[in-house]
Each structure stands twice: as C-alpha cells, then as structure tokens.
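Numbering (this note's numbering), first residue to last: 101 to 253.
The structure is reproduced here in structure tokens:
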C-alpha cells in the first residue's frame with residue numbers, strides 16, 4: 101500500500117459509513133446499535149481511512165488484562181491490499197497498552213481472515229461448536245478461537 105492508512109477513534113458520525121461497509125462485507129452484519137453500544141461502553145473503536153475515506157474498522161473490548169476483537173471489517177474493494185493486516189496491528193498496539201492477551205473468534209469458513217490472523221501472530225487454541233448462525237447456504241458454523249500474546253508488543 102503506497103498511501104499510508106490513517107487511524108482514528110470512531111465517532112457517532114462514522115457509524116452510517118461503517119455500517120455500510122459492514123453490510124456489504126458480511127452475511128450477518130453488525131447493526132448500528134452494536135457500534136453505538138461499543139462507543140458508549142468505552143471499547144477501543146477505530147476506523148482506518150485512506151485519502152479521507154473510511155476503508156475499515158475494528159472494535160476491541162478490554163477486560164482486566166485481556167482484549168477481545170469484537171469485529172473487524174475491511175471494505176470489499178480494499179480486500180487483499182494489506183488493510184486488514186494494518187488494522188490488526190494497530191488494534192494490537194492499542195490493546196497492548198493495558199492487556200497481555202488478545203482473543204478473537206473467526207468463522208471456520210473464513211479462510212482469508214483466519215490466515216490474516218495467523219500472519220499477525222494469532223494461534224488457534226480451540227473451537228466453539230455451532231457458534232455462528234446458519235446462512236442461506238449452510239448450517240450453523242463453528243468458531244475458531246485464536247489468541248495472541250501481547251506482552252512482547
């Protein structure tokens with residue numbers, strides 16, 4: 101990526117744009133209320149901008165010394181360009197200020213996301229059976245639980 105991404109805290113004004121990106125990228129998108137609740141709860145809510153346009157977002161919940169990635173979305177037209185990698189690294193840096201461990205769940209069929217998380221230092225540690233709801237083309241789906249040690253960040 102030639103132009104650097106700019107990261108900033110998500111605001112309420114960003115929610116319509118973030119929701120559009122999420123709706124286009126996911127079969128089970130977060131609703132605007134999920135983002136509002138995350139902002140009101142004080143979660144780490146970040147957007148990534150490229151040339152002033154939001155191209156991705158991530159939300160991380162922290163409890164004690166653990167962080168959990170609640171959602172990460174990259175605009176479809178920016179898939180495969182390193183945006184997801186940069187967002188994960190940015191969120192990891194922010195979470196490492198107060199957390200030693202970073203968790204996430206990923207759909208077992210989401211190979212691109214699974215490989216991204218492996219590339220950013222996450223390891224598979226378990227599964228949650230039937231965690232994700234069924235889609236039009238499948239039954240419910242397992243979640244792969246992944247973890248990253250942030251104590252070295």
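Backbone N, C-alpha and C define an ideal beta-carbon position, used for all residues, glycine too.
Exposed or buried, what is residue i when buried is set at 16 or more other beta-carbons lying within 10 Å of its beta-carbon?
{"i": "residue 252", "result": "exposed"}
{"i": "residue 195", "result": "buried"}
{"i": "residue 111", "result": "exposed"}
{"i": "residue 121", "result": "buried"}
{"i": "residue 136", "result": "exposed"}
{"i": "residue 183", "result": "buried"}
{"i": "residue 143", "result": "buried"}
{"i": "residue 167", "result": "buried"}
{"i": "residue 218", "result": "exposed"}
{"i": "residue 207", "result": "buried"}
State the DSSP-derived secondary structure class of residue i, mapped to helix, strand or coil.
{"i": "residue 230", "result": "strand"}
{"i": "residue 150", "result": "strand"}
{"i": "residue 164", "result": "coil"}
{"i": "residue 196", "result": "coil"}
{"i": "residue 138", "result": "helix"}
{"i": "residue 109", "result": "strand"}
{"i": "residue 184", "result": "helix"}
{"i": "residue 104", "result": "coil"}
{"i": "residue 179", "result": "coil"}
{"i": "residue 119", "result": "helix"}
{"i": "residue 131", "result": "coil"}
Got a sec? Which residues, its chain only, sit under 8 Å from residue i by beta carbon, not counting five neighbours each side?
{"i": "residue 220", "result": "185, 188, 189, 192 and 248"}
{"i": "residue 223", "result": "246, 247 and 248"}
{"i": "residue 131", "result": "119"}
{"i": "residue 231", "result": "205, 240, 241, 242 and 243"}
Per DSSP, which one or two residues make a beta bridge with residue i?
{"i": "residue 157", "result": "147 and 173"}
{"i": "residue 246", "result": "204 and 224"}
{"i": "residue 214", "result": "None, per the DSSP bridge assignment."}
{"i": "residue 241", "result": "232"}
Grab the span of the beta strand (DSSP E) containing residue i for me, first residue to last.
{"i": "residue 251", "result": "Segment: none, residue 251 is in no beta strand (DSSP E) and carries neither H nor E."}
Which first and last residues belong to the alpha helix (DSSP H) in which residue i is found?
{"i": "residue 126", "result": "From DSSP, residue 126 is part of no alpha helix (DSSP H); its letter is neither H nor E."}
Mind checking whether the beta-carbon of residue i lies closer than 7 Å to any heavy atom of the ligand NAD?
{"i": "residue 118", "result": "With respect to the ligand NAD, the structure shown offers nothing to examine, as it has no ligands at all."}
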